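Report on the structure given below.
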Amino acid sequence: SLRCGEDVTVCCKRDFYIKFKDIQWDEWIIAPEGYHMNYCMGQCPQHLSGSPGIASSFHATVFSQLKVNGINTATTSCCVPTERRPLSMVYFNSQHSIVKTDVPDMIVESCGCT
Amino acid sequence: GSPGCASCGLPPMEKDAEERLMIEIAKQQLLEKLHLKERPNITNTVPRVALLTALRKLHSGRVRQDGTIELENNIPTKDQGYEIVSFADINETDNSDKASLSLTFQFLQERGQSIQVLQSSLWIYARSSGDPHRDSRLLARVFLSADGGVSGSNRTLLIEKMLEVQESNWHTFTITRTLQAFLDGGQHRLRLEVSCEEDGQNLCSLDNSAETPNQPFLVAQVRLRDSHSKHLVRKR
Numbered sequence: 001s002l003r004c005g006e007d008v009t010v011c012c013k014r015d016f017y018i019k020f021k022d023i024q025w026d027e028w029i030i031a032p033e034g035y036h037m038n039y040c041m042g043q044c045p046q047h048l049s050g051s052p053g054i055a056s057s058f059h060a061t062v063f064s065q066l067k068v069n070g071i072n073t074a075t076t077s078c079c080v081p082t083e084r085r086p087l088s089m090v091y092f093n094s095q096h097s098i099v100k101t102d103v104p105d106m107i108v109e110s111c112g113c114t
Numbered sequence: 115g116s117p118g119c120a121s122c123g124l125p126p127m128e129k130d131a132e133e134r135l136m137i138e139i140a141k142q143q144l145l146e147k148l149h150l151k152e153r154p155n156i157t158n159t160v161p162r163v164a165l166l167t168a169l170r171k172l173h174s175g176r177v178r179q180d181g182t183i184e185l186e187n188n189i190p191t192k193d194q195g196y197e198i199v200s201f202a203d204i205n206e207t208d209n210s211d212k213a214s215l216s217l218t219f220q221f222l223q224e225r226g227q228s229i230q231v232l233q234s235s236l237w238i239y240a241r242s243s244g245d246p247h248r249d250s251r252l253l254a255r256v257f258l259s260a261d262g263g264v265s266g267s268n269r270t271l272l273i274e275k276m277l278e279v280q281e282s283n284w285h286t287f288t289i290t291r292t293l294q295a296f297l298d299g300g301q302h303r304l305r306l307e308v309s310c311e312e313d314g315q316n317l318c319s320l321d322n323s324a325e326t327p328n329q330p331f332l333v334a335q336v337r338l339r340d341s342h343s344k345h346l347v348r349k350r
């Protein structure tokens, strides 16, 4: 999985971090201090399409439907997350109780082409 | 931005606009995953010293004196489990010749939401007398009080336990079934009374100050369940 840089145009992972203090969410989120969301971007030429991944099956289905219906068959595939990990959070809920939870699939770890 | 993708149909965006959009998406994603309609509006927070103590105890609570299992990583991630820490509102009462600690926990549920309690413990700080010639054991009792009732009347004994207090330390009392019954009953205020005695003297830490790191708290490991079938559900 490539990490996005100035010279990278093919499918890659763009690091994206939100500091909760910057959006005034540190008042109710105790930990962590921020969220490494990350996302995928870049081109997926034909020779890169079909890389395996947990998220590819849905997109692959969409593409086969597009092809079956003759819509935009010349298009390239999509750059999507292929691996994610959970985010552990400690926060105040609406009742002011403190909650710790592990939210699955929150942080994009790697990207690939459908 | 990247060239438009056929499966999402979004046109390429300017960098600033893309960043603003990503922040909004991140906010929505966080709220949705935490089952919140909007960000909680927190006005009066728990003192940081109490919070840090509770979290430290929570994360070091892998092996406990009462043999209960560790809290962390106990629920499969797919079941969307939660750990809840709730600090007590303390009312110190004088009941005949002994002091007792009256604890009130606010424990509200969203309407239509049913919670399964996997494990719950009450954490109480017991203080040593500091006298090596005195018995280092003391008898601790936890009662369930009727909501709105006068302390000492209409209460049910939940747990009775001998504590070793050679040194001042935290002690846990398992209240899983009590909390489950409380939540199933749709009540809002859980009232518990704690008494610790040795030769008629109360040795529990009964500090009523909100600034103390020894403020009693309740930890619950829970997960959502379907209110109709009582079975776990997953949304896709």
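Top line first, the protein sequences correspond to chains H and F. Quick note: the first sequence, position 34, residue 34 per my numbering, numbers continuous. For my numbering, add 114 to where a residue sits in the second sequence, where the first one is 1. Virtual Cβ for every residue (Gly too), placed ideally from N, Cα, C. Treat the numbers as computed from the prediction; the structure is a model and nothing was measured.
Supposed close pair residue i, residue j - CB separation, criterion 8 Å
i, j, result
"Arg303/F", "Gln220/F", "6 Å"
"Cys79/H", "Gly42/H", "5 Å"
"Ile360/F", "Val99/H", "The first residue shown for chain F is 115 and the last is 350, placing residue 360/F beyond what the model contains."
"Val103/H", "Lys147/F", "5 Å"
"Glu311/F", "Leu217/F", "The Cβ separation is near 17 Å, so there is no contact."
"Ser214/F", "Leu293/F", "That pair is no contact at about 20 Å."
"Asp7/H", "Asn38/H", "Not confirmed; about 19 Å, so no contact."
"Ser229/F", "Leu297/F", "The residue asked about is misnamed: residue 229/F is Ile in this sequence, not Ser. With a Cβ gap of about 5 Å, Ile229/F and Leu297/F count as contacting."
Under 8 Å between C-beta atoms of residue i and residue j
i, j, result
"Pro81/H", "Met106/H", "no"
"Tyr17/H", "Gly34/H", "yes"
"Trp25/H", "Phe92/H", "no"
"Val256/F", "Val308/F", "yes"
"Lys19/H", "Val108/H", "no"
"Tyr196/F", "Val336/F", "yes"
"Gln1/H", "Ser88/H", "First, the residue type needs correcting, since residue 1/H is Ser and not Gln in the sequence shown. Going by C-beta atoms, Ser1/H is not nearer than 8 Å to Ser88/H."
"Ser94/H", "Pro246/F", "no"
"Ile23/H", "Val90/H", "no"
"Thr372/F", "Leu338/F", "As shown, chain F starts at 115 and ends at 350. That puts residue 372/F outside it, with no answer to give."
"Phe331/F", "Ser200/F", "yes"
"Arg269/F", "Leu258/F", "yes"
"His36/H", "Ile156/F", "no"
"Gln301/F", "Ala202/F", "no"
Proximal chain H residues relative to residue i, where beta-carbon distance stays under 9 Å
i, result
"Glu197/F", "Val90, Ile98, Val99, Lys100 and Thr101"
"Leu297/F", "Correct list: empty, because the minimum Cβ distance to chain H is about 12 Å."
Partner residues on chain F for residue i, Cβ-Cβ distance less than 8 Å
i, result
"Ile23/H", "Ile137 and Lys141"
"Ile107/H", "Neighbours of Ile107/H on chain F: none; closest Cβ ~11 Å, over 8 Å."
Within chain F, partners of residue i - CB distance below 7 Å
i, result
"Glu27/H", "Ile156"
Interface residues of chain H facing residue i [CB-CB closer than 8 Å]
i, result
"Ser200/F", "Ser97 and Ile98"
"Leu272/F", "Chain H residues near Leu272/F: none, gap ~21 Å exceeds 8 Å."
Within chain H, the residues that residue i reaches when beta carbons sit closer than 7 Å
i, result
"Leu217/F", "Those within 7 Å of Leu217/F in chain H number zero; the least Cβ separation is about 14 Å."
"Leu293/F", "The premise fails here: Leu293/F is roughly 12 Å from chain H at the closest Cβ pair, so nothing lies under 7 Å."
"Leu236/F", "Residues of chain H passing the Cβ test: none, with the nearest at roughly 14 Å."
"Lys129/F", "Simply none; closest approach about 11 Å."
"Lys275/F", "Going along chain H, no residue has its Cβ under 7 Å from Lys275/F, so there is no contact; the nearest lies around 26 Å."
"Leu338/F", "Within chain H, no residue comes near Leu338/F; the closest Cβ sits about 11 Å away, beyond 7 Å."
"Leu232/F", "The premise fails here: Leu232/F is roughly 13 Å from chain H at the closest Cβ pair, so nothing lies under 7 Å."
"Leu399/F", "Because chain F spans 115 through 350 in this model, residue 399/F falls outside it and cannot be assessed."
"Leu145/F", "Neighbours of Leu145/F on chain H: none; closest Cβ ~10 Å, over 7 Å."
Checklist entry - Is the segment 239-258 of chain F close to the segment 280-298 of chain F, with three or more CB pairs under 8 Å? => result yes
Next on the checklist: Could you tell me which whole beta strand (DSSP E) segments of length 3 or greater appear in the segment 250-312 of chain F?
Outcome noted: The segment 250-312 of chain F contains these whole beta strand (DSSP E) runs: 251-259, 269-278, 283-288 and 303-312.
Next on the checklist: Just to confirm the assignment: which complete beta strand (DSSP E) runs, minimum length 3, are found wholly within the segment 12-37 of chain H?
Outcome noted: 12-14, 17-19, 29-31 and 34-36
Checklist entry - Which ranges does the beta strand (DSSP E) cover as unbroken runs of at least 3 residues, wholly within the segment 217-247 of chain F, from first to last along the chain? => result 228-240
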